[in-house]
Amino acid sequence: ELCNIPLPGLRSFDKKKFSRLRDIYKDFTPVDAVSIKEIEKTTNHDVKAVEYFIKQYFDEEGLSEFREFIHFGLTSQDINNTALPLAMKDAHNFVIFPVIGKLLNKISLLAHEWKDVAMLSRTHGQPASPTRLGKEIYVFAERIEDQLRMLRSIPFSGKFGGATGNMNAHVVAYPDINWEDFAGDFIVNNLGLHRQRITTQIEHYDYMAAYFNNLARINTILLDLSRDMWLYVSMEYFKQKIKEGEVGSSAMPHKVNPIDFENAEGNLGIANALFHHLAEKLPVSRLQRDLTDSTVTRTIGIPLAHTLIALKSLMKGMDKLILNKEKIDADLQNNWPVIAEAIQTILRRENYPDPYETLLKLTRTNKKITGETIREFIDGLDVPEKVKDELKAIRPDNYTGLEML
């Protein structure tokens, strides 16, 4: 880009060499990485080690007269605060986002497959108004979709302004060049990043913090999904596909454990602990900069990796599920008190005296309430026969409200 201005000292640079210079990163090998680490043993500075490595390449290519323009006017954070968001952008676009999309698609498919399956719901762990299994699964799809919309709106942001953000060195060397336009064009049009124009030595990391917080919210939703699926398995609403040769316990041969949901839960917890720290720490730096961000940003790949493991574990667990409709139906038939809400609401409509309290006396008991108990209760109500017929038609398996899917 400096050649395109061009800087006076670069007017004689042969532009045919550009492709050879791009080979430095296109053909980068583990051997090159080792060479840089060897240089770093002396410099004790990673970016300076990279600069010296590139200078060696310039020397080999007969470009020694231009080697001092490699790191011209820059500070290390002009490199780090562009390279890091580019790496994150690639990780987002080509790794994390596609896998979240696959899981979202899996959740949506299962939700629609089970959309007509009536199921007992539970609030506070106790039987509550019936629902549909598909809708309860789709709750997570909609929550994730909402968060993905917010995630897409967060830009990957870079900084390019020299040692304290004012382009001091650029201006003092070449005061007649519009460095502001140069920086904006380079960051936005060349690198494809959002430019933070007014900065200290470092990019603020505010957008990065927003990104991590957003991913943490998605992970929290996935954690909620993992625990719910674990509970449905423990309630025997789902059986799990059995793989030949696998065991669930070293002592108990019968065990088929929901290990994929447990694996996801553990990895999501680790990921979020790091995401929360990154989001809280990175936007805070003393005065024009301290080094703490350099230490912390080196861990960014770790929570992303744990998130990826969790996503794949969740998909694996969802793929193993076998609907156990017999158990779901049995739970509904064993919980007739859950239609008390329906009965008292219709009685309110009919202006029946104290309908809630009447149903409270019937159902808030340790005695078994059956369908026959409910029918006998309805027969004793002082309401028209038409209303009694309406009430008797209500069952736990058909009292499921609107079809949400």
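My numbering numbers the first residue of the sequence shown as 7 and each following residue consecutively. Note that the Cβ used here is the ideal one computed from N, Cα and C, for glycine as well.
{"Query": "Cross-strand partners of Ala134 (DSSP beta bridge)", "Result": "Ser127"}
{"Query": "The region 304-313 touching the region 331-341, judged by at least three CB pairs closer than 8 Å", "Result": "no"}
{"Query": "Alpha carbon of Ala124 to alpha carbon of Lys141, nearest angstrom", "Result": "10 Å"}
{"Query": "Cβ separation of Ala277 and Asn225, assumed to be a contact under 8 Å, to the nearest whole Å", "Result": "6 Å"}
{"Query": "Alpha helix (DSSP H) segments (min. 4 residues) lying fully within the region 64-146", "Result": "82-97, 103-119"}
{"Query": "Ile113 beta carbon less than 8 Å from that of Phe146", "Result": "yes"}
{"Query": "Spatial neighbours of Gly275 in its chain, beta-carbon cut-off 6 Å, leaving aside the 5 residues before and after", "Result": "none"}
{"Query": "For Met244, the first and last residue of its enclosing beta strand (DSSP E)", "Result": "Note that residue 244 is Phe in the sequence shown, not Met. Its beta strand (DSSP E) spans residues 244-246."}
{"Query": "Outcome for Ser256 when other beta-carbon atoms lying within 10 angstroms are tallied against a minimum of 16", "Result": "With a pLDDT of 44 at Ser256, under the threshold of 50, the modelled position of that residue is not reliable, and the figure given next carries that caveat. Answer is exposed; the Cβ neighbour count stays below 16."}
{"Query": "CB contact flag (Met321, Lys108, <8 Å)", "Result": "yes"}
{"Query": "Straight-line Cα distance separating Lys287 from Arg17", "Result": "44 Å"}
{"Query": "Anticipated Cβ contact below 8 Å, Pro402 with Leu126, distance rounded", "Result": "7 Å"}
{"Query": "Contacts around Gln207, its chain only, beta-carbon distance under 7 Å, and the 5 residues preceding and following it disregarded", "Result": "Thr81, Gln83, Ala169, Thr170, Gly171, Gln294, Arg295"}
{"Query": "Cβ separation of Leu116 and Ile143, assumed to be a contact under 8 Å, to the nearest whole Å", "Result": "6 Å"}
{"Query": "Cut-off 7 Å between Cβ atoms - residues of its own chain near Met214, not counting five sequence neighbours on either side", "Result": "Leu288"}
{"Query": "CA nearest to the CA of Glu332, picked from Pro136, Phe244, Leu411", "Result": "Phe244"}
{"Query": "When Asn269, Leu221, Glu347, Ser232 are compared against Ala285, the one with the closest alpha-carbon", "Result": "Leu221"}
{"Query": "Coil, strand or helix - Leu288 by DSSP", "Result": "coil"}
{"Query": "Buried or exposed (CB count within 10 angstroms, at least 16 for buried), Val37", "Result": "exposed"}
{"Query": "Proximity of Val53 and Ile85 at Cβ, strictly below 8 Å", "Result": "yes"}
{"Query": "Unbroken beta strand (DSSP E) run spanning Ile328, endpoints", "Result": "327-329"}
{"Query": "Extent of the continuous alpha helix (DSSP H) to which Met173 belongs", "Result": "Met173 -> no alpha helix (DSSP H), and no H or E assigned at all."}
{"Query": "Proximal residues to Asn330 (C-beta, below 7 Å), its chain only, five neighbours per side dropped", "Result": "Glu242, Tyr243, Phe244, Lys245"}
{"Query": "Proximal residues to Ile400 (C-beta, below 6 Å), its chain only, five neighbours per side dropped", "Result": "Ile345, Ala348"}
{"Query": "For His200, the three-state DSSP class (helix, strand or coil)", "Result": "strand"}
{"Query": "Gly307 - DSSP class collapsed to helix/strand/coil", "Result": "helix"}
{"Query": "Ser18 (DSSP reduced to helix, strand or coil)", "Result": "coil"}
{"Query": "Ser163 in three-state terms, based on DSSP", "Result": "strand"}
{"Query": "DSSP state of Tyr358 mapped onto helix, strand, coil", "Result": "coil"}
{"Query": "Burial state of Gly167, where buried means 16 or more other Cβ atoms lie within 10 Å", "Result": "buried"}
{"Query": "Alpha carbon of Ile375 to alpha carbon of Pro136, nearest angstrom", "Result": "16 Å"}
{"Query": "Beta-carbon proximity of Lys394 to Ile380, cut-off 8 Å", "Result": "no"}
{"Query": "Whole-angstrom distance between Ala55 and Lys61, CA atom to CA atom", "Result": "10 Å"}
{"Query": "Cβ pair Phe188, Ile11 closer than 8 Å", "Result": "yes"}
{"Query": "Residue of Val389, Pro14, Lys398 minimising C-alpha distance to Ile183", "Result": "Pro14"}
{"Query": "Where the alpha helix (DSSP H) through Asp230 begins and ends", "Result": "212-240"}
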